[in-house]
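Under my numbering, the residues of the sequence shown are numbered 15 to 315, in order.
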Amino acid sequence: MDFTNKTDGPAPVWDGAGSLEQLYRLGRRMLTGGEPGNSPMEAAFLFQKALGLDRGALLARGRENADPDRAKEYLALVERRLAGEPLQYLLGEWEFFGLPFQVGPGVLIPRPETELLVEAALAAVEDLPSPALLDLCSGSGCVPVALGSCRPDAQVWGVELSPAAMDYFRRNITTNSCGNVTAVPGDVLALPPAVTERRYQVITANPPYIRRGELPGLQAEVQREPALALDGGEDGLDFYRRLPALCYPLLAPGGLLALEIGEDQGAAVSALVSQAGFCQVMVKNDLSGLARVVLGRTPSG
């Protein structure tokens, strides 16, 4: 019996004892009746986090009694989710490019649209042996670690300013066994010598690009993410005004610059990249058809 899809009847009440099925259904009802956009699937994620049972195990063992302590942990996670805490922070881990990444307060949550940066970088070095790659505003390390995982022969560096994010970055290098990735603490607008002493085939960046005035209107869960990773200045373009010129001399001839952007920033960022001397400037759309990455190359010779 597939009780995970039940929506009829009154929501079950948890009085400290009951079956795994009743416990799961209670959390599911709480979530779907709470913040708009909360998915029923979130109950399954949180249930597995607290009780160690995936949907298959839940189906098989649903009529067993739930452990009271584990039940309390599950419902506490549900309450925290209803209060606006990101699901990814509650789980402590999220997938990006098929890899697990540890996340939590103080670090930007990896998002699927950012995978376009990884795809562009990998395509650019597909036929190049042992490329050198640099990522700026690395956050959790999702982009450089994904690159390093896909190209074990590459050497990848990532720069991140936030100590909290840097902690996750280092942990994710270890989690994914990427010994070819180096986490470098530093400001991307004043790059440390550790990354300016060589030339790269590709530089990627997902800088802050949200307009400062829009930050208070973001979803409650997004507002839990660090403002340092979101605030792009008054018009959202602060980093794009400076990064292209800073990256240009660090790229080898024919090297690629790939910048993630907001959906309405394609024309503005393309112009800034062109002004810095890049050629073959173009905008790539994500799977939703929205502008997501600006690409530019240095002259070949």
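Just so you know, even glycine gets a beta-carbon here, dropped at the ideal spot from N, CA and C. Since the model is a prediction, treat every value here as computed from it, not as a measurement.
Does GLY250 come out as helix, strand or coil in the three-state DSSP assignment? coil
With DSSP as the reference, label ILE217 as helix, strand or coil. Strand, per DSSP.
With DSSP as the reference, please indicate the residues paired to ALA9 in a beta bridge. Nothing in the structure corresponds to residue 9, since the chain is present only between 15 and 315.
Looking only at its own chain, which residues have a Cβ that is under 7 Å from the Cβ of VAL198, when we skip the five neighbours before and after it? TRP171, GLY172, VAL173, PRO206, ALA208 and VAL209
In the DSSP assignment, the beta strand (DSSP E) including LEU122 goes from what residue to what residue? LEU122 -> no beta strand (DSSP E), and no H or E assigned at all.
Could you pull the start and end residues of the alpha helix (DSSP H) that GLN279 belongs to? Looking at the DSSP string, GLN279 is not in any alpha helix (DSSP H), and its letter there is neither H nor E.
With 16 as the cutoff for other CB atoms within 10 Å, does ASP278 come out buried or exposed? exposed
Rounded C-alpha distance that separates LEU301 from PRO222: 21 Å
Buried versus exposed call for GLY23 [16 or more other C-beta atoms within 10 Å across all chains shown]: Below a pLDDT of 50, predicted positions are generally treated as unreliable, and GLY23, at 46, falls in that range; the measurement from the model is reported next regardless. Under this definition GLY23 is an exposed residue.
Best match in LEU271, GLU129, GLY247 and GLU133 for proximity to ALA290 [C-alpha to C-alpha]: It is LEU271 whose Cα lies nearest to the Cα of ALA290.
Are there 16 or more other CB atoms within 10 angstroms of the CB of LEU131, so buried, or fewer, so exposed? buried
For ASN190, does the count of other Cβ atoms within 10 angstroms reach 16, so buried, or fall short, so exposed? ASN190 should be labelled buried.
SER152 burial status per 10 Å Cβ neighbour count (16 or more: buried): buried
Could you tell me the distance, in whole angstroms, from the CA atom of GLU56 to the CA atom of ALA259? 43 Å
Identified DSSP bridge partners for MET296: LEU309
Using a Cβ-Cβ cutoff of less than 6 Å, which residues in the same chain neighbour VAL295 once the five nearest sequence positions on both sides are dropped? SER284, VAL287, SER288 and GLY310
Which residues bound the beta strand (DSSP E) around THR196? 195-199
Which residues mark the beginning and the end of the beta strand (DSSP E) in which ALA266 is found? 265-274
Nearest-angstrom Cα distance between PRO126 and TRP108? 11 Å
Excluding the five sequence neighbours on either side, which residues of its own chain have a C-beta within less than 7 Å of the C-beta of ARG185, listed in chain order? GLN116
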